[in-house]
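The numbering used here applies: residue 51 is where the sequence shown begins, and numbers increase by one.
Written below as structure tokens is the structure these notes are about.
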Amino acid sequence: MSTLCLASLCVLVGMKVADPPGQQMQSFGSAFLDSLDDDQLAIARMPYDSAERLAWHFIPKPTRKGLPLKDMNTAQRTAALRLLRAALSEAGYEKASQIMLLEGVLRQLEGPGSESRRDPQKYYVTLFGAPSETEPWGLSFEGHHMSLNFSCRGGQLVDSTPQFFASNPATIQSDVEGPLGKGTRVLREEETLGFELVNGLNAQQAESAIIANKAPAEIRFAGEPQADVGEPEGIRFGRLSEDQAELLTRLVRVYTDAAPDPIAQQRRDAIQSSGWDKVHFAWAGATKPGIGHYYRVRGEGFLIEFVNTQADASGNPANHIHCVWRDLTGDFDLPHN
51 MSTLCLASLC
61 VLVGMKVADP
71 PGQQMQSFGS
81 AFLDSLDDDQ
91 LAIARMPYDS
101 AERLAWHFIP
111 KPTRKGLPLK
121 DMNTAQRTAA
131 LRLLRAALSE
141 AGYEKASQIM
151 LLEGVLRQLE
161 GPGSESRRDP
171 QKYYVTLFGA
181 PSETEPWGLS
191 FEGHHMSLNF
201 SCRGGQLVDS
211 TPQFFASNPA
221 TIQSDVEGPL
231 GKGTRVLREE
241 ETLGFELVNG
251 LNAQQAESAI
261 IANKAPAEIR
271 FAGEPQADVG
281 EPEGIRFGRL
291 SEDQAELLTR
301 LVRVYTDAAP
311 DPIAQQRRDA
321 IQSSGWDKVH
331 FAWAGATKPG
341 IGHYYRVRGE
351 GFLIEFVNTQ
361 ADASGNPANH
371 IHCVWRDLTG
381 DFDLPHN
């Protein structure tokens, strides 16, 4: 399937369905499994208690757990993407679709020899257990620069982390073929709202918020089943002005709202319940584009991390974003140790 056809398919399965996310996922998960032959089923499905359920990462790999889109026919790919669409909001699904399409952009920028490594269909679907109203089951949708992990119990989607998105290039700075043109910024709000917030701080606030002059090379806890955080760093929500607090709220919502509306609302309600005053914003590195920068937002029950330090495939500095939402009460619907 061409990159353009994948883009069209992603649009096709973007149609909204009225059922709650857990019920949608159960229906579309069963339909996906029913579409597979025995050999595909043996690859796409694992026991719920498999260690592979907790093994997540976003780096390029020759192969991964699960069944790749490239080894499915058109009907099976449609079923797989409908399942993913049920697990995400419209905004979240658009990010996922564009991240897959960025592999086609990277193939052009990196040139001959990158075809097998940069493939928009090299994203892998794994179901853990079987979709059920009574038994727990899970879903992983993963490939280069994306790892989305979902846990269901009692017919409900009960956890949707780790939620990892990335973008290389962060901004497409060259003329390229395909549906993503020059100027595309898949994770625009994640970056621009962070800059707007840090650059709007006064000197005293910035002294609290900026925790290092140099950004770290990577997000913390990459690939780890749980985020082992210490004490929060940075500036506390209560020390922000009304406009600054509104900016931080908007930034957090970019991450919460990648999930379907009911799940996003649960995330927002949990922050409200534990108290926005427990939320901290921390920054490291440069406060302007093109130089390595990083931020994290820490609440009692969640962690956001964003880093942009790597050059893109054309060598443009700090044009390669990694960002993640973690559940500090326990990713993968597991208690945090």
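The C-beta atom is built at its ideal place from N, Cα and C for all residues, glycine as well.
Given that a residue counts as buried once 16 or more other Cβ atoms are within 10 Å of its Cβ, and exposed if not, what is residue i?
i	result
Arg-114	buried
Ser-323	exposed
Pro-312	exposed
Gly-284	buried
Pro-112	exposed
Pro-212	buried
Asp-169	buried
Gly-244	buried
Glu-257	exposed
Gln-254	exposed
Glu-153	buried
Pro-162	exposed
Thr-124	exposed
Glu-292	exposed
Ala-136	buried
Phe-231	Sequence check: residue 231 is Gly here, not Phe. Flag for Gly-231 reads exposed.
Would DSSP call residue i helix, strand or coil?
i	result
Leu-151	helix
Ser-258	helix
Ile-285	strand
Asn-249	helix
Asp-381	helix
Ser-210	coil
Thr-176	strand
Arg-203	strand
Phe-271	coil
Phe-78	helix
Gly-193	strand
Tyr-101	A small fix is needed here, since residue 101 is Ala in this sequence, not Tyr. The answer is helix: DSSP assigns Ala-101 an H, G or I state.
Arg-376	strand
Pro-118	strand
Arg-127	helix
Ser-164	coil
Is the beta carbon of residue i sitting closer than 8 angstroms to the one on residue j?
i	j	result
Pro-229	Gln-76	no
Pro-219	His-343	no
Gly-340	Pro-367	yes
Ile-260	Ala-361	no
Leu-247	Leu-198	no
Ala-267	Thr-359	yes
Pro-39	Ser-210	Because the chain spans 51 through 387 in this model, residue 39 falls outside it and cannot be assessed.
Ala-332	Tyr-345	yes
Val-6	Asp-381	Summary: the structure shown does not reach residue 6, with the chain confined to residues 51 through 387, and so no result is reported for it.
Val-304	Leu-378	no
Glu-183	Gly-205	yes
Gly-250	Leu-298	no
Gly-188	Phe-178	yes
Val-226	Val-155	yes
Could you pull out every residue in the same chain whose Cβ sits closer than 6 angstroms to the Cβ of residue i, ignoring the five residues on either side in sequence?
i	result
Leu-159	Ala-363, Ser-364
Ile-269	Glu-355, Val-357, His-372, Val-374
Leu-62	The predicted model places Leu-62 with a pLDDT of 46, which falls under 50 and marks its position as unreliable, so this point remains unresolved.
Gln-90	Leu-117
Val-67	The predicted model places Val-67 with a pLDDT of 46, which falls under 50 and marks its position as unreliable, so this point remains unresolved.
Glu-102	Met-96, Lys-115
Glu-281	none
Please work out which residues of its chain come closer than 8 angstroms, Cβ to Cβ, to residue i, disregarding the five sequence neighbours upstream and downstream, and give them in chain order.
i	result
Met-196	Phe-108, Ala-146, Ile-149, Met-150, Tyr-173, Phe-214, Phe-215, Ala-216
Asp-307	Ser-139, Ala-141, Gly-142, Ala-314
Glu-295	In the sequence as presented, Glu is not what sits at residue 295; that position holds Ala. Only Phe-287, Trp-326 meet the Cβ criterion.
Asn-164	According to the sequence as given, residue 164 is Ser; it is not Asn. If we look at Ser-164 and ignore the five residues flanking it on each side, its Cβ neighbours are Leu-156, Arg-157.
Tell me which residues share the same chain as residue i and place their Cβ nearer than 7 angstroms to its Cβ, disregarding the 5 neighbours each side in the sequence.
i	result
Phe-191	Leu-134, Tyr-173, Val-175, Leu-198
Ala-320	Gly-351
His-386	Gln-276, Leu-378, Thr-379, Gly-380
Discussion item. Under 8 angstroms: do the stretch 314-333 and the stretch 343-351 share three or more Cβ pairs, one atom per stretch?
Written reply: yes
Discussion item. Between the stretch 128-138 and the stretch 70-89, can you find at least three pairs of beta-carbon atoms closer than 8 angstroms?
Written reply: yes
Worksheet entry | the stretch 87-106 / the stretch 115-125 touching (three or more Cβ pairs under 8 angstroms) | yes
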